[in-house]
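**Student:**
Structure (structure tokens):
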């Protein structure tokens, strides 16, 4: 939905910083040694992830591992929750750097609509502990999309979510808005660009359905449609339909420059495609 830049931080840099303040405790005297013993494995796993992600093959990575080397799944998950995600944790600077890597981009890449306010594990940490603090698996997202994704895992190339770091759907229009017969409501669905493979469409459909984007976009478009009715009626009465069309084309161009496949650009395309009928209905 929105293409993000891959954070310029390696998995081993992130992991080693997170475990840097592990203390030797009486209950777990070997914890730090065990953490350090798998650092190179974390690095190797990152390389495998980066190799598979552009091929939509992340479903081939091992999941539900009881342990990585001598470190248990539970211990690895705590590296994120206790040693990265907490504000005073050793690895919190990595968390913060990932959140600001995108510069002026502030919207969740999954929905393209709400501001991001948390980090999502693209492959869920409970199922893929090896990537728990791997930056290429940590996506700035809104809490709503984070909750909707939950612990979903891909089982084939068809049911991956769109990966903000490795996928780029921003040049293809695959979200369509349709005005209802009363011209008062908008519905959204997916369509397949001619150059897409069946697998690409399946992934986009999975992403769209699982994150409930049709409902989200319809909600956001309702107020905009009401505002446009007033604006377009007034503009047509004073300047004519050609100026109204030009106004909408500029609105569409601005919306496309931000996000081709969020709710706004498809809405303007739908109004433009039926403009004479739309304006006639408004005048009745």
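In the numbering used here, the protein residues as written are -17 to 266. All C-beta atoms, glycine included, are put in the ideal place defined by N, C-alpha and C.
Looking at residue 168 and residue 203, is the spacing between their C-beta atoms short of 8 Å?
**Tutor:** Against a cut-off of 8 Å, the Cβ pair of residue 168 and residue 203 comes out as a contact.
**Student:** With a threshold of 8 Å, are at least 3 pairs of Cβ atoms found where one atom belongs to the stretch 86 to 97 and the other to the stretch 8 to 18?
**Tutor:** no
**Student:** At what residue ranges does the stretch 89 to 171 contain a whole run of the alpha helix (DSSP H), taking only runs of 4 or more?
**Tutor:** 125 to 131
**Student:** For the alpha helix (DSSP H) containing residue 188, name the first residue and the last one.
**Tutor:** 180 to 192
**Student:** For residue 115, count neighbouring C-beta atoms within 10 Å of its own C-beta (all shown protein chains included) and say buried if the count is 16 or more, exposed if not.
**Tutor:** buried
**Student:** If I measure Cβ to Cβ from residue 97 and keep anything under 8 Å in the same chain, skipping five residues before and after, which residues do I get?
**Tutor:** Counting only Cβ-Cβ distances below 8 Å, and skipping sequence neighbours, we find 88, 89, 90, 124.
**Student:** Just tell me which of 226, -12, 250 has its CA closest to the CA of residue 335.
**Tutor:** Beyond the ends of the chain as shown, which are -17 and 266, falls residue 335; an answer cannot be given.
**Student:** Return helix, strand or coil for residue 253, following the three-state DSSP convention.
**Tutor:** Residue 253: helix per DSSP, three-state reduction.
**Student:** What's the C-alpha gap between residue 303 and residue 28?
**Tutor:** Outside the displayed span of the chain (-17 to 266) sits residue 303, for which this structure offers no information.
**Student:** Do the CB positions of residue -1 and residue 7 come within less than 8 Å of each other?
**Tutor:** no
**Student:** In the DSSP assignment, find the alpha helix (DSSP H) that holds residue 26 and state where it starts and stops.
**Tutor:** Where residue 26 is concerned, the enclosing alpha helix (DSSP H) stretches over 21 to 34.
**Student:** For residue 176 versus residue 186, is the C-beta distance shorter than 8 Å?
**Tutor:** Taking 8 Å as the cut-off, the beta carbon of residue 176 is found no closer than this to the beta carbon of residue 186.
**Student:** Taking its Cβ as the centre, do 16 or more other Cβ atoms sit within 10 Å of residue 65, making it buried, or is it exposed?
**Tutor:** buried
**Student:** Any contact of the stretch 58 to 78 with the stretch 103 to 114, i.e. 3+ C-beta pairs under 8 Å?
**Tutor:** yes
**Student:** Are at least three pairs of beta-carbons, each pair with one atom in the stretch 137 to 149 and one in the stretch 32 to 39, less than 8 Å apart?
**Tutor:** The stretch 137 to 149, when compared against the stretch 32 to 39, does touch it at the 8 Å Cβ threshold.
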